[in-house]
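Below is one structure, written out as structure tokens, with a few remarks after it.
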Amino acid sequence: MEAYDVVIAGGGPAGLAMAAPLAGAGLAVLVCERNAEIGLPVRTSGGSWPEDLRALGLPDRLWHPISRLSFESQHSRCTIDWGGPVGCSLDVTATWRHLADLAAAAGATIENGTLVRLERTGALTLRHGGESRHVRCRLAVDATGTNALLARQSRVHEGFRRVGVGYEQELSAPAFGQDEAVILVGGLAPSGYAWAFPRGGTRVRVGVGLIQPDTNLNPRELYAPVERALADRLAGAELLELHSGRIPSQEAPQRLTGDGLMVVGDSGGHSNPLLGEGIRHVIVAARRAAPVAIAALGTPGVVPRERLRAWERAGRRTRGRSWGLAMRANRYVAGMDDADWDRAVETLGRLPAELATPILRGDILSAPLLAGALRRGPSSAWRVLRPFVMGGRVVGPADLA
Ligand SMILES: Cc1cc2nc3c(=O)[nH]c(=O)nc-3n(C[C@H](O)[C@H](O)[C@H](O)COP(=O)(O)OP(=O)(O)OC[C@H]3O[C@@H](n4cnc5c(N)ncnc54)[C@H](O)[C@@H]3O)c2cc1C
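Using our numbering, the first residue of the sequence shown is number 1475, and each one after it goes up by one.
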């Protein structure tokens, strides 16, 4: 029977980033991606931070720089002006393919159009073009994203019940300013937010994301009002691509390993729940998971769970100390109405960029944010930090007064 040291289910950023160091260590690695091509269809908006991406070794050609970020609610607007390219939007397909090239150059085999299912510990079924085959592996990696298929099949965790669901159009919009991203909050995207991220040239990604089951609305139905709200900036726009995707939006699973199984990336709750930013985080998670896997594979046979214990610790640490607070804020803002958002946007607009930025990055416990918030006095610090402390749903307007 076909056999590998490691089979990675999922050719997203987590699976591809994990494959390179494993193959580089001389292991026989197979990455299976159920879609016919790596990086297509696009399932993410690709917003990120150049400094972090460079630290991960990604080249500048993969992103379009962004210097300003505006927040717009029904009656308020504020702009965080970085005065330079502090944010960016990734060329998602090119980035995934760059990671795939690194994995292939290190010796990993990448098989597209192949769906992985767990048969039992150390045994998988691969379905490709209507045909199934059985393969053996000493370690399987669940990098299947929100699907978390192998984690669910092996009962490592039960999957995700609360998820962010996004719908996005990539447009050619010549009138859209290419150095400013826009986030729209409030009734346009109840229990979520809408966005417009410039992508370079005349390209812009315009989308809306909602948290289900907080709302039963479908983001696709809410898209047209978002375009209308941006009508002046989208004058003459033409549709280029449609994107959609799902991201976990609940407390992260505690368990990340089973016999012969590691769970990495969105499937392991490695995206930051505040704004649903995951790309750089899942790459970090994958690169921390790889040495644990390499060490565990140092002895023969299927890897027992106890040899993966280091990943239980490192995988949780990857989420960062702020993520519990980010999750509380996620639940808090999901309950905000238009008036709440007007006030929140005003508060954000009063913050200097060096305080607003760590909030947007989900670095709630960063020293500059905490020190800066406290320097502004207790009542304004409380306004900034309240969602992270209180969590849950806003109970009424008085709560935010
Ligand atoms: C609408 C939306 C917007 C987002 N915007 C941003 C953003 O602006 N910035 C940011 O940083 N993050 C963003 N994210 C989050 C980010 O996309 C994810 O955190 C990141 O892609 C997770 O990477 P991953 O490799 O863990 O999972 P995924 O990217 O989901 O990759 C999993 C892969 O596994 C494949 N797969 C699933 N099941 C199987 C199977 N059984 N067999 C084989 N293959 C399988 C899938 O086809 C997929 O290619 C967004 C997410 C969504 C949904």
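Cβ atoms here follow ideal geometry from the backbone N, Cα and C, with glycine treated the same way.
| Asked | Found |
| --- | --- |
| Under 6 Å Cβ to Cβ from Pro1495, same chain only, skipping five residues before and after it: list those, please. | Ala1764 |
| Among His1631, Pro1842 and Gly1675, whose alpha-carbon lies nearest the alpha-carbon of Ala1647? | Gly1675 |
| How would you label His1549, buried or exposed, when you count the other beta carbons within 10 angstroms and need 16 or more for buried? | exposed |
| Just how far apart, CA to CA, sit Ser1718 and Cys1562? | 20 Å |
| Look up Asn1586 in the DSSP assignment and say whether it is helix, strand or coil. | strand |
| Please work out which residues of its chain come closer than 8 Å, Cβ to Cβ, to Ala1759, disregarding the five sequence neighbours upstream and downstream, and give them in chain order. | Ala1488, Val1738, Gly1739, Gly1742, His1744, Gly1789 and Thr1792 |
| Is it true that the CB of Arg1720 sits closer than 8 Å to the CB of Thr1876? | Nothing about residue 1876 can be read from this structure; the chain reaches only from 1475 to 1875. |
| Assuming Gly1587 contacts Gly1604 (C-beta within less than 8 Å), just tell me the rounded distance between them. | About 10 Å; that fails the 8 Å criterion. |
| Would you report the Cα separation of Arg1754 and Asp1534, rounded to the nearest angstrom? | 14 Å |
| When burial is assigned at 16 or more other CB atoms within 10 Å of the CB, is Pro1871 buried or exposed? | In this prediction, Pro1871 has a pLDDT of 38, which is less than 50 and means its spatial position is unreliable; nothing more can be read from the coordinates. |
| Given a cut-off of 8 Å, decide if Ser1522 and Gly1681 are closer than it, judged by their beta-carbon atoms. | no |
| Give me the Cβ distance between Leu1684 and Pro1693, rounded to the nearest whole Å; I'm assuming they're in contact under 8 Å. | 5 Å |
| Classify Met1492: buried if its beta carbon has 16 or more other beta carbons within 10 angstroms, exposed otherwise. | buried |
| Using only the alpha-carbon positions, how far apart do Arg1601 and Asp1653 sit? | 44 Å |
| Grab me the residues of Gly1581's own chain with a C-beta within less than 6 Å of its C-beta, minus the 5 sequence neighbours each way, in chain order. | Ala1497 |
| Buried or exposed, going by whether 16 or more other CB atoms sit within 10 Å of the CB of Ala1437? | Outside the modelled stretch of the chain, which goes from 1475 to 1875, sits residue 1437, for which no answer is possible. |
| Can you tell which of Ala1622, Val1630, Gly1666 and Ser1628 has the C-alpha that lies nearest to the C-alpha of Tyr1641? | Gly1666 |
| Assuming Trp1797 is part of the alpha helix (DSSP H), what are its boundary residues? | Trp1797 to Ala1808 |
| Any idea what DSSP makes of Val1756, helix, strand or coil? | helix |
| Distance, Cα to Cα, Ala1614 vs Thr1583? | 14 Å |
| Looking at the unbroken beta strand (DSSP E) that takes in Gly1789, where does it start and where does it end? | Unbroken run through Gly1789 is the alpha helix (DSSP H), Arg1783 to Thr1792; no beta strand (DSSP E). |
| From Leu1658 to Pro1699, what does the alpha carbon distance come to, in whole angstroms? | 11 Å |
| Mapping DSSP to helix, strand and coil, what is Asp1555? | strand |
| Leaving out five residues on either side along the sequence, give the residues of the same chain with a beta carbon under 6 Å from the beta carbon of Arg1591. | Thr1599 |
| Could you tell me the distance, in whole angstroms, from the CA atom of Glu1701 to the CA atom of Val1858? | 30 Å |
| Rounding to the nearest angstrom, what Cα-Cα distance links Ala1579 and Ala1769 in this structure? | 22 Å |
| So which of Phe1862, Pro1524 and Ala1529 has the shortest CA-CA distance to Tyr1806? | Phe1862 |
| How would you call Asn1690, buried or exposed, if buried means at least 16 neighbouring beta carbons within 10 angstroms? | exposed |
| On the CB-based measure, 16 or more other CB atoms within 10 Å of its CB, does Ala1483 come out buried or exposed? | buried |
| By the 10 Å Cβ neighbour count, where 16 or more other Cβ atoms means buried, how is Ala1705 classified, buried or exposed? | exposed |
| Which term fits Ala1803, buried or exposed, when burial requires 16 or more other beta carbons within 10 angstroms of its beta carbon? | buried |
| With respect to 7 Å, is the separation between the Cβ of Glu1546 and the closest non-hydrogen atom of ligand 1 below this value? | no |
| Alpha carbon to alpha carbon, how far is Pro1747 from Gly1836? Give it in angstroms, no decimals. | 8 Å |
| Just checking Val1590 against ligand 1 - is the residue's beta carbon closer than 7 Å to any of the ligand's heavy atoms? | yes |
| Taking Cβ to Cβ, would you say Asp1479 is nearer than 8 Å to Arg1612? | yes |
| Assuming contact is defined by CB atoms lying nearer than 8 Å, are Ala1649 and Gly1710 in contact in what I supplied? | yes |
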